[in-house]
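Chains as they are written, first to last, in the numbering used here: chain A, 1 to 223; chain B, 1001 to 1414; chain C, 2001 to 2098. I have placed the structure first, in the form of C-alpha cells, so that the comments after it can refer back to it.
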C-alpha cells in the first residue's frame, strides 16, 4: 500500500545546524491495518509520518503509494492526492476559532467546490456518528477537550479518505477519552480504512486492535 | 465551472466569517474606507457638474466686456470711450452696463446690483413646465418697460431681487427695503418681483434696479458707466477686436467670452488649493490602508493559514481567500461611498460641503445641480479604490501561503 | 442565508442602484433642459458673466472679471484670506496675455 524505499530526511542541509531526522528507512505499510509508529521524542516519528502522508518530501529515497511513485510529483498533484487519500488528526484539534463547528468540519472540502447541500449532509452525518451533532452550530471555543478532538476527527473524514493518519492523538486526552478514541479507530478499520498512528502512549500501542508496531530510534527502524 | 463558482462562494463564506470575527476593527475600517470614497466621489460629482453647467449656461455671456483700469483697480468707464470703440472696424454695437455691489450690514451680505441693459420681458418656468419666454428688443424705446418679470414691471423705486436675498432677509414681493445712498440719504425701494429659485445659480444675489435709481444710490454721474459690452460682427474676430480696443484705449481691459468660459473650466481645479488637499489626503489614506495590509500578518492569521494548509488547502486557495478579503472590503466601500455621494450631491444639494463652500459669505445659493457624470472619473475612482487595497492584501500572503504542510503541522502542534 | 449570498446580494443591489442613479442622471439632464435654458436666457438678457457661487468678495463673486491683483484689495500684503480662494484660481488669461 505505502512503500518507503531508502528514505532519508535532512533538515537545514549545508548549515552548521544540519541534522538527519531519518536515515535509510525502508518500510511497507499494509492496507486495512492499524500501524503504530513508536519511539521516544526525537526519533523521527513525526517526520516519517509526514512523509508517509505526502506532507513533505524526503531528501533522498523513494515513496510509493499503491504502487505509484509520488516522490517527485509537482506540488499541485501531490496536494490533490493528499486531499483525496489522507485524513489527518493532529495532536491538538487545531480548529479555527470564531467560526462554527460545522464550518470547521466542512473546511477541507471547500476547495473542491462540492454542492453545499451535499457537503452539509455529509458533515452532519459525520458529526452524528461521533455524537456531537447537537454542537454543529456552536462556536468551537465552547467545546470541551473531548468534543473538540472528535470535531477534528470528523473534519479529517470529510473527504472520505481511505488512509487515516494520527500524530500523538491521545497526548492531551484522559484515559476515558483515549479509550473512546481507540474505539473510533476500530470503526475505521471495520470500514476498510488504513490507519497509521504515532504514539508513545502504551494505551495506544498495546491496544488489541493494533496490527503492527514499528519501533523508531534515532531515525531508523529497529528490527 | 460550476465547481469553481461554488468554490469561490465557499471561500467568500469563510472570508466573511473571518472578517466578522474581528468585527469592531473591520467595521471601523470599512466605515473609514467608505468615508474616503464618499468624499472623493462627492467632490468629483460636484465639481464636474458645476463646470458642465457653467459651460452650458454661460455660453451666451457678452462677447467682449471692456473695463477701465486705473492704478490696478477697476475704475468707472467714461461714456466718451464708447464712441472710440464704436469706430473700430468689426464692432457691431456697444452697450453700457451699470452694476455694482452693495453691502447690507443688517445681514452682512454683499448684493450685486444690476441695471438690465435693454428692454426685456422674462417669464420664469416657476412650477409649470412652460417654456421660458424671453423677449428682448434692440431699441431703447422708453415707452416700453426696462424689464419685466412674470408681468411685474421694473420701474423707478422698485427692485426685482434674487431668491437668495428673499430667503436671507425673509422679504418678498410688496415689501420695502431701505438702502443707504452715497450721500447718507436713505432710499426706500419696493420689491416688485423675486427671481426664481431655479435660477439661483446665476441670480441668487442679484438686485435689478433702474438706471436712474442706480445712479441715485451710488452717486454716479451720467458721464460714467461701470463697463461696456461689445458685440462683434464676426465672432471669429473677437480676439482681434479685443486687442484693437486695448491699443486704442490703453487704460481699457477687454475680457472676451472665451476667457469667461475658461475661468469656469479651471474653478475647482484638482491641481490647486483645497482640492489638492482633499485629493492628497484621500490618496494618503488609501496608501495607509494598503500599507497596513501589505506589511504582514499577525500570528493568529499565520496560524490559521497553517491550519488551512494542513487540512488540504493549496497555496492558490489561500491566495484566493486573501484576494476576496481585500475585494470584499474595497467593493463594499466603493459602492456604498459612491451611491451615498450621488445622493448627497444631487438630492441634498451637497449638504456636507456647505460649511466649506460657504466660506465667509452669508448669502449662499441653493445648489440644485443638474447631474452630469463623468464616467472616466468614476472608473478611475473604482480602480483607485479597489485595486491597490486588494493587491496589498495578497502581498504578505505570498510567504505565509507557501509554507509547506509539514511545517504547518508541526507549527500548529503547539 | 449564507454569508456569500448576502455579499452577492449586497453587491448586486449596489450595481443595480448605481445603474439606476446613472440612468437618473441622464434622464435628469433632459428634464433639466428647461431649467438650464432659463438660466442661460437670464445670462443672455442680463448680460451676466459669472455664476453666483461665492459672495464674500468682489473677486470671488465675479471670477471672470477679476485680475491677479484684485485679490490684493486695498493693500499689497492683503494675502488671500477668503476660504473660497482655495477653490478658485485666477483665470488662465492672466498668464496668456503679454
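Ideal placement from N, C-alpha and C gives every residue a C-beta, glycine not left out.
On the DSSP bridge assignment, give the partners of residue i in chain order.
i: residue 1341(B); result: DSSP output for residue 1341(B) lists no bridge partner at all.
i: residue 3(A); result: 28(A) and 64(A)
i: residue 1275(B); result: None, per the DSSP bridge assignment.
i: residue 1191(B); result: 1159(B)
i: residue 1075(B); result: 1068(B)
i: residue 1350(B); result: Answer is none; residue 1350(B) lacks a bridge partner.
i: residue 1100(B); result: 1113(B)
i: residue 215(A); result: 38(A) and 222(A)
i: residue 9(A); result: 22(A)
i: residue 194(A); result: 163(A)
i: residue 1093(B); result: 1231(B)
i: residue 1224(B); result: 1078(B)
By the DSSP assignment, the alpha helix (DSSP H) with residue i in it spans what residues?
i: residue 1314(B); result: Taken as a continuous stretch (DSSP letters only), residue 1314(B) belongs to no alpha helix (DSSP H), as it is neither H nor E.
i: residue 2014(C); result: 2003-2031
i: residue 78(A); result: 75-85
i: residue 164(A); result: Residue 164(A) -> not in any alpha helix (DSSP H); beta strand (DSSP E) instead, spanning 163-167.
i: residue 1218(B); result: 1211-1218
i: residue 1376(B); result: 1375-1394
i: residue 1244(B); result: 1238-1248
i: residue 145(A); result: 145-157
i: residue 1024(B); result: 1023-1057
i: residue 1203(B); result: 1200-1203
i: residue 124(A); result: 116-129
i: residue 1297(B); result: It is not in any alpha helix (DSSP H) - residue 1297(B) carries neither H nor E in the DSSP assignment.
i: residue 49(A); result: 45-52
Does the Cβ of residue i have 16 or more other Cβ atoms within 10 Å, making it buried, or fewer, making it exposed?
i: residue 2067(C); result: buried
i: residue 1106(B); result: exposed
i: residue 1225(B); result: buried
i: residue 1222(B); result: exposed
i: residue 11(A); result: exposed
i: residue 1296(B); result: exposed
i: residue 1234(B); result: exposed
i: residue 1186(B); result: exposed
i: residue 193(A); result: buried
i: residue 2059(C); result: buried
i: residue 1062(B); result: buried
i: residue 1067(B); result: buried
i: residue 113(A); result: buried
Indicate the three-state DSSP secondary structure (helix, strand or coil) for residue i in the structure shown.
i: residue 1253(B); result: strand
i: residue 200(A); result: coil
i: residue 1177(B); result: strand
i: residue 1088(B); result: coil
i: residue 1163(B); result: helix
i: residue 2062(C); result: coil
i: residue 1133(B); result: Residue placement at residue 1133(B) is poorly supported in this model, since its pLDDT is 47, which falls under 50; the coordinates still yield a value, given next. Three-state result, residue 1133(B): strand.
i: residue 98(A); result: coil
i: residue 1270(B); result: coil
i: residue 1292(B); result: helix
i: residue 89(A); result: strand
i: residue 140(A); result: helix
i: residue 1361(B); result: coil
i: residue 210(A); result: coil
i: residue 69(A); result: strand
i: residue 2084(C); result: helix
Hey, quick one: how far does the beta strand (DSSP E) through residue i stretch, first residue to last?
i: residue 1207(B); result: 1206-1208
i: residue 1227(B); result: 1227-1232
Please list the partners that residue i has in chain F, where partner means a Cβ-to-Cβ separation under 7 Å.
i: residue 1274(B); result: In the displayed structure, chain F is absent; the protein chains listed are A, B and C.
For the ligand PLP, I want to know if residue i counts as a neighbour, meaning its beta carbon is within less than 8 Å of at least one of the ligand's heavy atoms.
i: residue 1057(B); result: Looking for the ligand PLP in the displayed structure turns up nothing, as the structure carries no ligands at all.
Which residues, in order along the stretch 1006-1024 of chain B, keep a beta-carbon less than 9 Å from a beta-carbon of chain A?
-> 1006, 1007, 1008, 1009, 1010, 1011, 1013, 1014, 1017, 1018, 1020, 1021 and 1022
Going along the stretch 2036-2057 of chain C in order, which residues come within less than 8 Å of chain B, judged by CB to CB distance?
-> 2036, 2037, 2038, 2039, 2040, 2041, 2042, 2043, 2044, 2045, 2046, 2047, 2048, 2049, 2050, 2051, 2052, 2053, 2054, 2055, 2056 and 2057
Taking only beta carbons into account, state which residues of the stretch 2011-2023 of chain C come closer than 9 Å to chain B, listed in chain order.
-> 2011, 2013, 2014, 2015, 2017, 2018, 2021 and 2022
What are the residues of the stretch 1317-1348 of chain B that lie near chain A, defined by any Cβ-Cβ distance shorter than 7 Å?
-> 1317
Near-chain B residues of the stretch 64-88 of chain A - C-beta to any C-beta below 8 Å = 75, 76, 79, 82, 83 and 88
Pull out every residue of the stretch 110-121 of chain A whose Cβ sits closer than 8 Å to any Cβ of chain B, in chain order.
-> 110, 111, 112, 113, 114, 115 and 116
In chain order, what residues of the stretch 1194-1209 of chain B put their CB closer than 8 Å to some CB of chain C?
-> 1195, 1196, 1198, 1199, 1200, 1201, 1202, 1203, 1204, 1205, 1206 and 1208
Can you list, in chain order, the residues of the stretch 91-105 of chain A whose Cβ is nearer than 7 Å to any Cβ on chain B?
-> 91, 92, 94, 96, 98, 99 and 103
Contact residues within the stretch 36-67 of chain A, judged by C-beta distance below 7 Å to chain B | 46, 50, 55 and 56
For the stretch 1211-1224 of chain B, enumerate the residues whose C-beta is nearer than 9 Å to any C-beta of chain C, in chain order.
-> none
When Cβ atoms are compared, which residues of the stretch 1049-1070 of chain B fall closer than 9 Å to chain C?
-> 1050, 1053, 1054, 1056, 1057, 1058, 1059, 1060, 1061, 1062, 1065, 1067 and 1069
What are the residues of the stretch 1281-1315 of chain B that lie near chain A, defined by any Cβ-Cβ distance shorter than 8 Å?
-> 1304, 1307, 1308, 1310, 1311, 1312, 1313, 1314 and 1315
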